[in-house]
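J.: Have a look at this one before I ask anything.
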Amino acid sequence: MVGRRVRMAVLVLTVWMLTPIGAQATSGTLRVIPSGQTIGIRIATDGVIVVATEHTELRYGDRIVRIGDDAIHHIADVARSVHQWQPHNRSLAVTVVRNGTRRIVSVVPKMDAQMGRYRLGVRLREGIAGIGTLTYVAPQAGVFGALGHKVTQPDTQAPIVMQTGTIVRSMVTSIAKSHDGVPGEKRAVLIDDGHILGTVKGNTEFGIYGTMDNTAPIAGTPIEIARIGDVREGAAHMYTVVDGQTIERFDVRIVHVEHQTSPAQKGFVVHIEDARLLARTGGIVQGMSGSPIVQNNKLIGALTHVFVNNPKNGYGCYAQWMAQQSGLFPIGSSAVP
């Protein structure tokens, strides 16, 4: 078993198309198991991302998807295409996606005298790894939801255009505490034991979603997902991990509720009032994203963002939108089954 320390990318709010990816519930009351487990997240991008360049033609944040007639899925694909290039070909036609627009730019490779071969003159990334929190598992559908917000590129903050993704076990090793103006973070290792917990099918405004592995352990008692109209200001509980792999329950208070009639990210404001959690973390820290929040024995949503200048407070998104996003009931439905 090998542990590897990682940090999740900083995440931003951007509108994302709702696409159901799970099995829809057709009758009865929708019940899910709230989790709070810290998970490792690995996502491979569609194409490779430029994070540094020597060219004016290519820009920081460009996603290279094709060179000439060759589709690009991995950094090795870029190396192979450049290796086949010859000076008399004049330039390479590099297809990139820039700010959501697909375009072709002409790039002339440069000779690396030390290596004795041509290179594209860029530094690339083909995926990210980080940590977050598993929000819920729907045991009958075999579907999970996590994070409560989209995953973005750590350098550009652009949404990840995902090719494949997995979630794996993770262990919290320490906490960097939050202070006013300075958000803290969970420090964790991914547990690389060759076993995945689930496969990521979508990266959306309301988090990542996918299917659980048939052998993944799912423990807990299923509870209802709250209708948005059922959420009230007042006492609630949040489940998260601050040490190792132990899920703990902490007291929080819902101090503001947005009565949304259509999907939107900032659904309610959470205030951390549990003295144990404040002593250990200073409030909300990075890596808590996706921590489930339960009120009146119903899952009302997930923690998503921290107020940087007051880390005792943060935003949550409604579980109803998360459940719609993962396909547990039809998009456009105004009520939870």
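Each residue of the sequence shown is one higher than the one before, counting from 1036 in my numbering. Don't be surprised by glycine CBs; every beta carbon is placed ideally from N, CA and C.
Bridge partners for Tyr1244 per DSSP, in chain order?
T.: Gly1180 and Gly1237
J.: Going by DSSP, which residues form a beta bridge with His1340?
T.: Tyr1350
J.: By alpha-carbon positions, which one of Val1341, Ile1319, Ile1253 and Asn1331 ends up nearest to Gln1175?
T.: Ile1253
J.: Could you tell me whether the Cβ atoms of His1306 and Arg1284 are closer together than 8 Å?
T.: No. Outside cutoff.
J.: Would you call Tyr1375 buried or exposed, if buried means 16 or more other Cβ atoms sit within 10 Å of its Cβ?
T.: Nothing about residue 1375 can be read from this structure; the chain reaches only from 1036 to 1372.
J.: Quick one, are the C-beta atoms of Val1142 and Val1129 less than 8 Å apart?
T.: yes
J.: For Gln1321, which beta-bridge partners are listed by DSSP?
T.: Glu1220
J.: Contact check, Arg1158 vs Val1086 under 8 Å by CB: the rounded distance?
T.: 5 Å
J.: Determine the closest residue to Gly1325 out of Leu1065, Pro1194 and Ile1076, with distance taken between C-alpha atoms.
T.: Ile1076
J.: If we count the other Cβ atoms within 10 Å of its Cβ and call it buried at 16 or more, is Tyr1244 buried or exposed?
T.: buried
J.: So what's Thr1080 in DSSP terms, helix, strand or just coil?
T.: DSSP places Thr1080 in strand when its eight states are reduced to three.
J.: Mapping DSSP to helix, strand and coil, what is Pro1122?
T.: Secondary structure at Pro1122: helix, using DSSP grouped into helix, strand and coil.
J.: With a threshold of 16 other CB atoms inside 10 Å of the CB of Asn1348, please say whether the residue is buried or exposed.
T.: buried
J.: Cβ atoms of Phe1303 and Val1320: under 8 Å apart, would you say?
T.: In this structure, Val1320 sits away from Phe1303, with a CB-CB distance that is not shorter than 8 Å.
J.: Can you list, in chain order, the residues of its chain whose CB lies under 6 Å from that of Ser1213, leaving out five sequence neighbours each side?
T.: Gly1219, Gly1317, Gly1318, Val1320 and Pro1346
J.: How is Gln1149 classed by DSSP in three states: helix, strand or coil?
T.: coil
J.: Do the CB positions of Ile1260 and Leu1338 come within less than 8 Å of each other?
T.: no
J.: Can you give the Cα-Cα distance for Gln1121 and Gln1198, rounded to whole angstroms?
T.: 30 Å
J.: Using 8 Å as the threshold, is the region 1105–1119 in touch with the region 1179–1186, meaning 3 or more CB pairs across them?
T.: no
J.: Please classify His1098: is it buried, with 16 or more other beta-carbons within 10 angstroms of its beta-carbon, or exposed?
T.: According to the sequence displayed, residue 1098 carries Arg and not His. The residue is buried, with at least 16 neighbouring Cβ atoms inside 10 Å.
J.: Going straight from the alpha carbon of Asp1286 to that of Gly1096, what length do you get?
T.: 41 Å
J.: Are the beta-carbon atoms belonging to Ser1209 and Ile1074 less than 8 Å from one another?
T.: no
J.: So, helix, strand or coil for Gly1264, using DSSP?
T.: helix
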